[in-house]
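A.B. asks: Residues in the sequence shown are numbered from 1 upward in steps of one, following UniProt numbering. The beta-carbon is built from N, C-alpha and C at its ideal position, and this holds for glycine as well.
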Amino acid sequence: MGWLSRLFGGNKEQKPVEVEPEEYKGYLIYAEPIAENGQYRIAGRITLGEGEEMKLTALFVPIF
Numbered sequence: 001m002g003w004l005s006r007l008f009g010g011n012k013e014q015k016p017v018e019v020e021p022e023e024y025k026g027y028l029i030y031a032e033p034i035a036e037n038g039q040y041r042i043a044g045r046i047t048l049g050e051g052e053e054m055k056l057t058a059l060f061v062p063i064f
């Protein structure tokens, strides 16, 4: 049964995905959805410029 798991997504290791930020008025906005029970929770990170002097992590309640 192991080969079926590998064939149909049985590999539970998830590699971190490098996302490209969207820039808005000097802020960098990163979309970082969180996987939960086969669904995704909307989340993201907002930083001020490249140096990350200010950082905000946002988590929204809806699950898709």
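In terms of alpha-carbon separation, which member of Y24, K25, G26, Y30 lies closest to E18?
C.D. replies: Y30
A.B. asks: Let me check understanding here. Comparing Cα to Cα, which of G38, E32, T57, T47 lies closest to Y24?
C.D. replies: T47
A.B. asks: So, at 6 Å on beta carbons, what are the nonlocal neighbours of L56 in its own chain, with the 5 sequence-adjacent residues on each side left out?
C.D. replies: I46
A.B. asks: Kindly identify the DSSP beta-bridge partner or partners of I34.
C.D. replies: Looking at the DSSP assignment, I34 forms a beta bridge with R41.
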